[in-house]
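Down below is the structure, laid out as structure tokens.
Residue numbers (my numbering): 391 to 717.
Quick look at the structure:
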């Protein structure tokens, strides 16, 4: 029996600006099993959020999916009309956006915003809406839910707003929760609380989580499987234990190496080579920054993911499929 709740195959997304096309996501494939937390990790601009927005068909107006397939519970999402997608968003698939301030309506009380999904998707009777909302607020850690229910977003702290977003996201008990940098701009203690809430929800309802992050520390704590993304491509994927034990791609090694480790006497944080570039069309040279050397200089052939050990895949960029990190 197929246990995959989400499958993305060969996804390519581009944007048109000033009559020029830029490819933001190129040949991305990933899958999430039921009850699994999958981390999509990479720096800003790597294509993580664009990949997740493609799942919900929420790309900006100048963005388009050029090719690929996205299936959820065996249903092809890219072929669904907007009316059907509205039934899926917030109901079967929910998303926690990274900017809580921009995601909440400052002119509406918290309680009203939480109950919107319940009214639309679950047809909860009006007299029961407040009770449901108060239960959700309590579920995400508020000890005074009745007070929070009547507050406006601007009256709450960043951590509180993020918990409100989680309450809204889980209100309809979705089977897939997409968390896009859910701890942005939060202090370390609140970050832990937010991530624990997401993990608790996943466990209690046997849901799945797509965790989008740039923080390998978060990945180590919460993820089951990891996809490393660079320049619109998946460059490495494996279970979380393998990624930390045996990272192969230079970019993966650089991300892991940037994690501070005071136990080994490290005094300075390691910086990461600038990998930014304007387009993600196939060109191996862009993945060869000055601080890395490759055993071959042939980078012209399209790259591919190679299984370097069981269930561990790496994208290589030369004919011999070898890559060596130095420095």
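Backbone N, C-alpha and C fix where the C-beta goes; we use that ideal spot for every residue, glycine too.
Computed from a prediction, not measured in an experiment: that's the story for all the values here.
Residue of 701, 706, 640 and 651 minimising C-alpha distance to residue 432
For the purposes of this step, residue 432 is taken as residue 42 along the chain shown, with counting starting at 1. Selected option, being the one with the closest Cα: 640.
What's the C-alpha gap between residue 548 and residue 576?
Along the chain shown, read from residue 1 onward, the residue named residue 548 stands at position 158. Along the chain shown, read from residue 1 onward, the residue named residue 576 stands at position 186. Approximately 7 Å between the Cα atoms of the pair.
Rounded straight-line distance, which links the Cα of residue 416 to that of residue 537
Here residue 537 refers to the residue found at position 147 of the chain shown. Here residue 416 refers to the residue found at position 26 of the chain shown. The straight-line gap from Cα to Cα measures roughly 47 Å.
Name the residue from 500, 511 and 498 whose alpha carbon lies nearest to the alpha carbon of residue 473.
Working through the chain shown from its first residue, we reach residue 473 at position 83. Residue 473 has its Cα closest to that of 511, out of 500, 511 and 498.
Exposure label - residue 551; buried when at least 16 CB within 10 Å
Reading the chain shown from its first residue, position 161 is the one you call residue 551. Answer is buried; the Cβ neighbour count reaches 16.
Option nearest residue 497 by Cα separation, candidates 542, 467 and 462
Residue numbering aside, residue 497 sits at position 107 when the chain shown is read from its first letter. Considering only alpha carbons, the answer is 542.
So, does the segment 462 to 469 touch the segment 631 to 649, judging by three or more C-beta pairs under 8 Å?
no
Between the alpha carbons of residue 624 and residue 453, how many angstroms are there, rounded?
Mapped onto the chain shown, residue 624 falls at position 234. Mapped onto the chain shown, residue 453 falls at position 63. Near 20 Å, if we compare the C-alpha coordinates of residue 453 and residue 624.
Please go through the same chain and pick out, in chain order, the residues whose beta-carbon is closer than 6 Å to the beta-carbon of residue 573, but skip the five residues on each side of it.
The count along the chain shown starts at 1 and reaches residue 573 at position 183. Hits under 6 Å: 581 and 584.
Let me check you understand the geometry: is the CB of residue 577 closer than 6 Å to at least one non-hydrogen atom of the ligand FMN?
Among the ligands in the structure shown, none appear at all, so the ligand FMN cannot be discussed.
Spatially closest choice to residue 484 from 522, 493, 564 and 603, by CA coordinates
Residue numbering aside, residue 484 sits at position 94 when the chain shown is read from its first letter. Out of 522, 493, 564 and 603, 564 has the C-alpha closest to the C-alpha of residue 484.
Could you check the C-alpha separation between residue 426 and residue 493 for me, to the nearest Å?
The residue labelled residue 426 in the question sits at position 36 within the chain shown. The residue labelled residue 493 in the question sits at position 103 within the chain shown. Roughly 26 Å separates the two Cα atoms.
My output table needs one value for residue 445: the three-state DSSP class, helix, strand or coil.
For the purposes of this step, residue 445 is taken as the residue at position 55 of the chain shown. Correct three-state label for residue 445: helix.
Per DSSP, what kind of secondary structure is residue 554 in: helix, strand or coil?
In the chain shown, counting from the first residue as 1, residue 554 sits at position 164. Residue 554 falls in the helix class under three-state DSSP.
Would you list the residues sitting across from residue 411 in a DSSP beta bridge?
Start at 1 with the first residue of the chain shown, and residue 411 comes out as number 21. Its beta-bridge partners are 406.
Could you please give the first and the last residue of the uninterrupted alpha helix (DSSP H) stretch that includes residue 588?
Translated into the one-based positions of the chain shown, residue 588 becomes position 198. Counting along the chain, the alpha helix (DSSP H) containing residue 588 begins and ends at 578 to 595.
Taking the beta strand (DSSP E) that residue 632 falls in, what are its first and last residues?
Residue 632 sits at position 242 when you count from the first residue of the chain shown. Run containing residue 632: none in the beta strand (DSSP E); it sits in the alpha helix (DSSP H), 630 to 635.
Helix, strand or coil at residue 511 according to DSSP, with G and I counted as helix
As a working mapping, residue 511 is identified with position 121 in the chain shown. Helix, per DSSP.
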